[in-house]
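Colleague: Whatever position you read off the sequence shown (first residue = 1), add 19 for our numbering. Glycine is no exception: its CB is placed at the ideal position from the N, C-alpha and C atoms. First the structure, then my questions, so here it is.
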Amino acid sequence: MLEAALEDVELLDAEHGRCDPDEPVDRDAFLAGRVTPVLFGSALLNFGVSGLLDTLAAIAPPPGPQPTADGGLHPVEGDFAGQVFKIQANMNPRHRDRMAFMRVASGRFERGMSAVAARSQRTYQLKYAHQAFADDRQTVDVALPGDIVGLVNAGDLQVGDTLSTDGKAELAAIATFAPEQFAVVRNRHSSTYKQFRQGLRQLDEEGVVHVLRRPEHGDQEPVLAGVGQLQFEVAAYRLETEFGAEVIVEPAPWRLARGVDEAATGRLRGQRGVEVAADRHGNWLALFESPHALRWASEDHPDVTFAPLGLDAEDT
Numbered sequence: 020m021l022e023a024a025l026e027d028v029e030l031l032d033a034e035h036g037r038c039d040p041d042e043p044v045d046r047d048a049f050l051a052g053r054v055t056p057v058l059f060g061s062a063l064l065n066f067g068v069s070g071l072l073d074t075l076a077a078i079a080p081p082p083g084p085q086p087t088a089d090g091g092l093h094p095v096e097g098d099f100a101g102q103v104f105k106i107q108a109n110m111n112p113r114h115r116d117r118m119a120f121m122r123v124a125s126g127r128f129e130r131g132m133s134a135v136a137a138r139s140q141r142t143y144q145l146k147y148a149h150q151a152f153a154d155d156r157q158t159v160d161v162a163l164p165g166d167i168v169g170l171v172n173a174g175d176l177q178v179g180d181t182l183s184t185d186g187k188a189e190l191a192a193i194a195t196f197a198p199e200q201f202a203v204v205r206n207r208h209s210s211t212y213k214q215f216r217q218g219l220r221q222l223d224e225e226g227v228v229h230v231l232r233r234p235e236h237g238d239q240e241p242v243l244a245g246v247g248q249l250q251f252e253v254a255a256y257r258l259e260t261e262f263g264a265e266v267i268v269e270p271a272p273w274r275l276a277r278g279v280d281e282a283a284t285g286r287l288r289g290q291r292g293v294e295v296a297a298d299r300h301g302n303w304l305a306l307f308e309s310p311h312a313l314r315w316a317s318e319d320h321p322d323v324t325f326a327p328l329g330l331d332a333e334d335t
């Protein structure tokens, strides 16, 4: 039975696991964001992985100028610059490391070089640079535009940070989706409260979920915000397996969020169908149980700006 199953997997991989270079997806539509290829596979079973890589090689664009925070374009030529697009902790559980994945945008990266983060103007010595593929890590000595470099234990780098030789380059922020689902998370055992807080902080920094705190609940009952239930399941699993904090995750009634000024939060608190909470940066959000609740709040407080979030903000 096992041999038959393996043969079926090989056939599926051969027939459906990769993009045919002679009949690829409409590349122009893909690059314009009008179509998205969907591939199925399992990294754990090594099924469909080669197909994914072949498809990316066939349709992905080459390195090019990147939008900057001020609306310009950052050229590929010139001095080194790169942007952190992902942070992952505990990739090596024995060492509890933290890796920031950076895409080189311009110039030449060399292991051991100094780079300055545009946001904090902090200088980093990039000594520990790796290329990660599944469980395999290889030291990276040189990287060029388009290459991905994993920076191990690179301090307080955040998703979206731009690193460059002089700290002046700042690439445009990475697009995010506005949260559509919310849940309240509670620590099941008081003895693991420290691990609970540490784990939530790490997951928030990685972008696994957004962690919000309400004034009357603080760290005891944080709110998880995301675009799907799977994010909450992943967060709960990692809190337990990586940080040793077993949690209870309960669905919350809110369905959409808007950015508000702190001065408006006192007026919104207590209004039916509305809750206010802050993220780790101190940005305040109003959470609404329905579009009707948002409309009522807007009518009751016409002088308050309810700012859309993420990609919704770009469409307004």
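(1) Between histidine 300 and leucine 75, what straight-line distance do the alpha-carbon atoms span, to the nearest angstrom?
(2) How many Å lie between aspartate 185 and serine 210 at the Cα?
(3) Output yes or no for whether 8 Å exceeds the beta carbon distance between proline 327 and arginine 291.
(4) With hydrogens ignored, establish whether the beta-carbon of methionine 132 is closer than 7 Å to any heavy atom of the ligand PLP.
(5) Pairing CB atoms from the segment 189-200 with CB atoms from the segment 245-258, are three or more of them under 8 Å?
(6) Pick helix, strand or coil for arginine 205, following the three-state DSSP scheme.
(7) Please list, in chain order, all residues of the same chain as leucine 219 whose beta carbon is under 7 Å from its beta carbon, the five residues on each side excluded.
(8) Please tell me whether serine 183 and phenylalanine 99 are closer than 8 Å, where the distance is taken between their beta carbons.
(9) For a quick check, are the C-beta atoms of proline 84 and leucine 92 less than 8 Å apart?
(10) So glutamine 102 and leucine 190 are supposed to be a Cβ contact under 8 Å. How far apart are they, rounded?
(11) Quick check on the DSSP output: the beta strand (DSSP E) that includes phenylalanine 99 runs from which residue to which?
(12) By alpha-carbon positions, which one of Val57, Arg122 and Ile106 ends up nearest to proline 81?
(13) Since phenylalanine 307 is in the alpha helix (DSSP H), which residue starts that stretch and which ends it?
(14) Straight-line CA distance for leucine 50 to alanine 173?
(15) Determine, using beta carbons only, whether glutamate 252 and glutamate 259 come nearer to each other than 8 Å.
(16) Below 8 Å between beta carbons: does that hold for aspartate 116 and valine 203?
(17) Under 8 Å, do glycine 329 and alanine 192 count as touching if we go by C-beta distance?
(18) Ends of the beta strand (DSSP E) at threonine 181?
(19) Run through the DSSP bridge pairs and tell me what alanine 119 is partnered with.
(20) For arginine 46, which residues in the same chain have their Cβ closer than 7 Å to its Cβ, ignoring the five residues on either side in sequence?
(21) Are the Cβ atoms of alanine 297 and leucine 306 separated by less than 8 Å?
(22) Taking only the alpha-carbon atoms, compute the straight-line gap between alanine 153 and alanine 188 and give it to the nearest angstrom.
(23) Output needed for valine 105: all residues of its chain with C-beta closer than 8 Å, excluding positions within five of it in sequence on either side, in chain order.
(24) One question on the structure: do aspartate 180 and alanine 134 come within less than 8 Å of each other, judged by their Cβ atoms?
(25) Please determine, among Tyr147, Thr284, Ala124 and Pro164, the residue with the shortest C-alpha to C-alpha distance to glutamine 157.
(26) Judging by CA-CA distance, which residue of Tyr256, Ala124 and Tyr143 is the nearest neighbour of glycine 131?
(27) Return the chain-ordered list of same chain residues with a C-beta closer than 6 Å to the C-beta of glycine 169, the five sequence neighbours on each side being excluded.
(28) Taking the alpha-carbon positions, what's the glutamine 217 to tryptophan 315 distance?
(29) Under 8 Å between the Cβ atoms of glutamate 261 and asparagine 111?
(30) When burial is assigned at 16 or more other CB atoms within 10 Å of the CB, is proline 310 buried or exposed?
(31) In angstroms with no decimal places, state the Cα-to-Cα distance between arginine 207 and isoleucine 267.
(32) Alpha carbon to alpha carbon, how far is leucine 58 from phenylalanine 66?
Modeller: In short, the structure shows the following:
(1) Counting from 1 along the sequence shown, the entry for residue 300 is found at position 281. Counting from 1 along the sequence shown, the entry for residue 75 is found at position 56. Straight-line Cα distance between these residues: approximately 35 Å.
(2) Residue numbering aside, residue 185 sits at position 166 when the sequence shown is read from its first letter. Residue numbering aside, residue 210 sits at position 191 when the sequence shown is read from its first letter. Near 46 Å, if we compare the C-alpha coordinates of serine 210 and aspartate 185.
(3) Here residue 327 corresponds to residue number 308 of the sequence shown, with the count starting at 1. Here residue 291 corresponds to residue number 272 of the sequence shown, with the count starting at 1. In this structure, arginine 291 does not lie closer than 8 Å to proline 327 by Cβ.
(4) What this structure holds is no ligand at all, so the ligand PLP is not there to describe.
(5) yes
(6) Residue mapping note: residue 205 aligns to position 186 of the sequence shown, counting from 1. Arginine 205 falls in the strand class under three-state DSSP.
(7) The residue labelled residue 219 in the question sits at position 200 within the sequence shown. If we look at leucine 219 and ignore the five residues flanking it on each side, its Cβ neighbours are Val230 and Pro241.
(8) Locating residue 183 in the sequence shown gives position 164, counting from the first residue. Locating residue 99 in the sequence shown gives position 80, counting from the first residue. In contact: serine 183 and phenylalanine 99 (Cβ atoms closer than 8 Å).
(9) Counted from its first residue, the sequence shown places residue 84 at position 65. Counted from its first residue, the sequence shown places residue 92 at position 73. A contact, by the Cβ cut-off of 8 Å.
(10) In the sequence shown, counting from the first residue as 1, residue 102 sits at position 83. In the sequence shown, counting from the first residue as 1, residue 190 sits at position 171. Right, the Cβ-Cβ distance comes to about 5 Å (below 8 Å), so this counts as a contact.
(11) What you label residue 99 is simply residue 80 of the sequence shown in a count that begins at 1. Here phenylalanine 99 belongs to no beta strand (DSSP E), and DSSP marks it neither H nor E.
(12) Sequence index remark: in the sequence shown, residue 81 carries index 62 (1-based). Of Val57, Arg122 and Ile106, the residue nearest in Cα terms is Arg122.
(13) On the sequence shown, residue 307 is found 288 positions in, with the first residue counted as 1. Note, phenylalanine 307: premise wrong, no alpha helix (DSSP H); beta strand (DSSP E) at 303-307.
(14) To locate residue 50, count along the sequence shown from 1; it is residue 31. To locate residue 173, count along the sequence shown from 1; it is residue 154. In a straight line, the C-alpha of leucine 50 is about 32 Å away from that of alanine 173.
(15) As a working mapping, residue 252 is identified with position 233 in the sequence shown. As a working mapping, residue 259 is identified with position 240 in the sequence shown. Not in contact: glutamate 252 and glutamate 259 (Cβ atoms no closer than 8 Å).
(16) The count along the sequence shown starts at 1 and reaches residue 116 at position 97. The count along the sequence shown starts at 1 and reaches residue 203 at position 184. It is not a contact, given that the beta carbons lie outside the stated cut-off.
(17) One-based indexing of the sequence shown puts residue 329 at position 310. One-based indexing of the sequence shown puts residue 192 at position 173. No, the Cβ-Cβ distance between glycine 329 and alanine 192 is not below 8 Å.
(18) What you label residue 181 is simply residue 162 of the sequence shown in a count that begins at 1. That run of the beta strand (DSSP E) goes 181-183.
(19) Along the sequence shown, one-based indexing puts residue 119 at 100. DSSP output for alanine 119 lists Ile106 and Leu170 as bridge partner(s).
(20) As a first step, residue 46 is located in the sequence shown; it is residue number 27 there, counting from the start. Correct list, in chain order: Ile78.
(21) Position 278 of the sequence shown, counted from the start, is the residue given in the question as residue 297. Position 287 of the sequence shown, counted from the start, is the residue given in the question as residue 306. Their beta carbons are not under 8 Å apart, which means alanine 297 does not touch leucine 306 by this criterion.
(22) Your numbering for residue 153 matches position 134 in the sequence shown. Your numbering for residue 188 matches position 169 in the sequence shown. One C-alpha to the other measures close to 31 Å.
(23) Your numbering for residue 105 matches position 86 in the sequence shown. Residue identity differs from the one stated: residue 105 is lysine in this sequence, not valine. These residues qualify, in order along the chain: Ala119, Phe120, Val178, Glu225 and Gly226.
(24) Within the sequence shown, the letter at position 161 stands for residue 180. Within the sequence shown, the letter at position 115 stands for residue 134. Cβ atoms of aspartate 180 and alanine 134: not closer than 8 Å.
(25) Along the sequence shown, read from residue 1 onward, the residue named residue 157 stands at position 138. Closest by alpha carbon: Tyr147.
(26) Start at 1 with the first residue of the sequence shown, and residue 131 comes out as number 112. Ranking Tyr256, Ala124 and Tyr143 by Cα distance to glycine 131 puts Tyr143 first.
(27) The count along the sequence shown starts at 1 and reaches residue 169 at position 150. For glycine 169, where only same-chain residues beyond five positions count, the Cβ hits under 6 Å are Met118, Phe120, His149 and Ala151.
(28) Walking along the sequence shown from the start, residue 217 turns up at place 198. Walking along the sequence shown from the start, residue 315 turns up at place 296. Distance between the alpha carbons of glutamine 217 and tryptophan 315 is about 37 Å.
(29) Indexing the sequence shown from 1 puts residue 261 at position 242. Indexing the sequence shown from 1 puts residue 111 at position 92. Contact: no.
(30) Counting from 1 along the sequence shown, the entry for residue 310 is found at position 291. Classification of proline 310: exposed, given that the 10 Å Cβ count is below 16.
(31) Taking the sequence shown and counting its residues from 1, the one referred to as residue 207 is at position 188. Taking the sequence shown and counting its residues from 1, the one referred to as residue 267 is at position 248. Computed Cα separation, rounded: 6 Å.
(32) Position 39 of the sequence shown, counted from the first residue, corresponds to residue 58. Position 47 of the sequence shown, counted from the first residue, corresponds to residue 66. Computed Cα separation, rounded: 11 Å.
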